[in-house]
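Here my numbering is used: the first residue of the sequence shown is 1, the next is one more, and so on. For every residue, glycine included, the Cβ atom is placed at its ideal position computed from N, Cα and C. The structure presented is a predicted model; accordingly, all values stated were derived computationally and were not measured. Following: one structure in structure tokens, then a few remarks.
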Amino acid sequence: MKDSISQSRLKELFEYSKDTGEFKWKIRSAKNIRIGQSAGCKRKDGYIVIRCDGKLYLAHRLAWLYCFGQFPEDLIDHIDGNPSNN
1 MKDSISQSRL KELFEYSKDT GEFKWKIRSA KNIRIGQSAG CKRKDGYIVI RCDGKLYLAH
61 RLAWLYCFGQ FPEDLIDHID GNPSNN
């Protein structure tokens, strides 16, 4: 998956809580989305994925982008081994 969303666009679309690891929608980008609603869904392997601007992203990579302004250069994963803990 090639990363292409910018930090500024990400912050236009979502609020992110470092405490909970949760992304919430800031804008209504589709009929089924409500402002303040949790974004994303859990895959069978436990990873959270979020679709934005028609592209699917792993939430832990979006969290890194949100906090540090760029996608991680290497693979990153969850230090506690829990794939849904972002």
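- Straight across, the Cα-Cα distance linking residue 62 with residue 19 is about 15 Å.
- According to the DSSP assignment, residue 11 belongs to no beta strand (DSSP E) but to the alpha helix (DSSP H) extending over 7-13.
- Around the beta carbon of residue 50, 16 or more other beta carbons lie within 10 angstroms, which makes this residue buried.
- The three-state secondary structure of residue 71, taken from DSSP, is coil.
- When the five nearest sequence neighbours on each side are left out, the beta carbons in the same chain lying within less than 7 Å of the beta carbon of residue 37 are those of 24 and 25, in order along the chain.
- Non-local C-beta neighbours of residue 34 in its own chain, meaning closer than 8 Å and more than five positions away in sequence, comprise 25 and 28, ordered along the chain.
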